[in-house]
Amino acid sequence: MKKAFLTGITGQDGSYLTEFLLAKGYEVHGLIRRASTFNTDRIDHLYRDFHDPNARLFLHYGDLNVSGQLMDLLASIRPDEIYHLGAQSHVRVSFDMPEYTADVTGLGTLRMIEAIRKTGISTRFYQASSSEMFGAAPPPQNEKTVFQPRSPYAAAKVFSYHIVQNYRDAYGLYLTNGILFNHESPRRGETFVTRKITRAAAQIKLGLKETLYLGNLDAKRDWGFAGDFVEAMWLMLQQDRPDDFVIATGETHSVREFTQKVFSKLDLDYEKHVKVDPRYFRPTEVDVLLGDASKAKNILGWEPKVSFDQLIDMMIDSDLEIARKEKTLTDAGFSGVGGERLAQ
Ligand code: NAP
Ligand code: GDD
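Going letter by letter, the sequence shown gives residues 3 to 346 in the numbering used here.
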């Protein structure tokens, strides 16, 4: 039985990848941070009590800013494949917490690959690189496009990308960069724009909320489905030699277009409910992302399956279900829908 070790297992991608790997027969180990409340919602449906002899999913406490423990975990688990997904992954938040972002999102990668080098284990490593690294580079972007990072998050990911390439060349380690464009799902964090929109539109539809505050509606992104993208991560680690791949749909849409589509699918007029709040603007913005994934198509045989419209429908359906439960509770006087906590 192959063993995989995932950082970021509690995140959106971690949950889809865990499902995928368990279905392929892997034993899966995940790094989680200690929190005062449980933060395993996205993987709870996959978890079996570890006393069960058939359990194949195991969680371990740790943090990307503590290197010794990462080394101990790798030395004891000895995974065949490592998927390094853990990161402070919010671009807007990286302007509020630049030093923390550089530490976790940048140095965290170095700590992981140093742990591989120092323990001497034989393993394959996937680095969650990002289309955000392209920044101001004109579209379409592919593996040959020169990075022009526009945020502390992007700068940290560029560091990770290069240190992965350097360790590959210097020490002959199997380390791969997947440069993934934005990918979304019903499990997307609620402060990323697509989920923020589908979540609020569903609440507005059920009368739980009146207004959605957004930032820059003109930014354009190449949005795919996270479930499709995790398959590409796995395919990358099945190749004979490590390499770097762009994963994208090859379509781009503006935030305004996404918003308008979501509201109109719910028979709502977005202009009546959406207000622009400059607090959500970023000090520097990435205007257009549009990926060219032809290398992945040729070498990995990877192509996206879920269309832009199907993705939106999937997210709306799930958020309507959540909003219905909220409405039941609100009508019974148990809770209300809270307001915005921070500008994200
Ligand atoms: P996500 O939902 O924000 O998940 C991030 C994960 O990292 C969570 O499990 C989080 O744990 C964990 N984490 C954060 N700080 C940590 C720390 N100090 N130590 C250990 N774990 C830590 O992100 P995602 O959307 O799944 O993305 C996965 C990876 O791909 C990230 O590296 C992201 O930057 C990158 N990426 C994402 C996209 C995209 O469109 N989704 C595109 C390109 C690249 P908690 O649950 O405890 O917070
Ligand atoms: N979050 C957010 N909130 N974004 C908004 C809002 C808002 O209220 N209003 C407009 N936007 C715009 C942002 O300015 C940005 O141009 C776009 O919507 C997408 O923002 P996010 O959904 O936060 O994603 P991102 O593109 O900044 O970053 C995501 O994709 C990267 C890959 O390109 C994250 O998943 C990163 O971790 C990932 O690397």
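For every residue, glycine included, the Cβ atom is placed at its ideal position computed from N, Cα and C.
Per DSSP, which one or two residues make a beta bridge with residue i?
| i | result |
| --- | --- |
| L33 | H62 |
| L8 | G32, Y85 |
| H185 | G226 |
| L177 | F127 |
| F247 | G180 |
| H255 | R223 |
So residue i packs on residue j, CB below 8 Å; how close in whole Å?
| i | j | result |
| --- | --- | --- |
| E275 | I206 | According to the sequence shown, residue 275 is His rather than Glu. H275 to I206, Cβ: 5 Å. Contact. |
| S153 | R281 | That belief does not hold up - the Cβ atoms of S153 and R281 are roughly 16 Å apart, past 8 Å. |
| R126 | Y173 | With 8 Å as the limit, R126 and Y173 do not qualify as a contact, their Cβ atoms being about 14 Å apart. |
| G229 | A295 | That belief does not hold up - the Cβ atoms of G229 and A295 are roughly 16 Å apart, past 8 Å. |
| I90 | V68 | Strictly speaking, residue 90 in this sequence is Gln, with Ile absent from that position. Actually they are not in contact, since the Cβ atoms of Q90 and V68 sit about 15 Å apart, beyond 8 Å. |
| K4 | D54 | The Cβ separation is near 20 Å, so there is no contact. |
| M73 | A25 | Going by Cβ atoms, the distance from M73 to A25 rounds to 30 Å, so no, they are not a contact pair. |
| F265 | A203 | 5 Å |
| F227 | P306 | 7 Å |
| I79 | F7 | 6 Å |
| D15 | L87 | 5 Å |
| H92 | T193 | 6 Å |
| E134 | K297 | Not really, about 19 Å apart at Cβ, beyond 8 Å. |
| I115 | Y176 | That belief does not hold up - the Cβ atoms of I115 and Y176 are roughly 11 Å apart, past 8 Å. |
| N184 | W236 | Their Cβ separation, rounded to whole angstroms, is 19 Å, which puts N184 and W236 out of contact at 8 Å. |
| Y18 | V232 | 5 Å |
| H121 | F136 | Here the sequence assigns Thr to residue 121, which means His is not the residue at that position. 33 Å between Cβ atoms; not a contact. |
| E186 | L268 | Contact doesn't hold; Cβ gap of about 17 Å is too wide. |
| L2 | V339 | The structure shown has nothing for residue 2, since the chain only spans 3 to 346. |
| L302 | A234 | 6 Å |
| R44 | R189 | 5 Å |
| T42 | V30 | Rounded, the Cβ-Cβ distance is 13 Å, inconsistent with contact. |
| Q346 | R94 | 5 Å |
| R201 | D321 | 5 Å |
| V257 | L216 | 7 Å |
Answer with yes or no whether the minimum CB distance from residue i to chain D is below 8 Å.
| i | result |
| --- | --- |
| R119 | The chain labelled as chain D is not found in the depicted structure, where only one protein chain is given. |
Query raised in the report: Which ranges does the alpha helix (DSSP H) cover as unbroken runs of at least 4 residues, wholly within the region 126-171, from first to last along the chain?
Result: none
Requested in this report: Answer yes if the region 187-200 comes into contact with the region 308-326, meaning at least three C-beta pairs across the two stretches below 8 Å, and no otherwise.
Outcome: yes
Query raised in the report: Is there contact here, the region 103-110 with the region 157-177, by at least three beta-carbon pairs under 8 Å?
Result: yes
Query raised in the report: Which parts of the region 276-319 are runs of the beta strand (DSSP E), unbroken and 3 residues or longer, counting only runs that do not cross its ends?
Result: 276-278
Query - Exercise answer, beta-carbon shell around ligand 2 heavy atoms below 5 Å - result: S91, V93, S132, S133, E134, N184, F194, V195, L216, G217, N218, A221, V257, Y282
Report task. Would you be able to state if there are at least three C-beta pairs under 8 Å between the region 8-25 and the region 46-62? Result -> yes
Requested in this report: Counting only runs of 3+ residues fully inside the region 191-245, write out the beta strand (DSSP E) ranges in chain order.
Outcome: Taken in chain order, the whole beta strand (DSSP E) runs of length 3 or more contained in the region 191-245 are 214-216.
Report task. Would you check if the region 289-306 and the region 216-223 touch, i.e. whether three or more CB-CB distances between them fall below 8 Å? Result -> yes
**Report entry** Segment contact flag, the region 325-335 with the region 234-244, C-beta cutoff 8 Å, min 3 pairs
**Finding:** no
Query raised in the report: Is it true that the region 130-139 meets the region 180-193, where meeting means three or more beta-carbon pairs spaced less than 8 Å apart?
Result: yes
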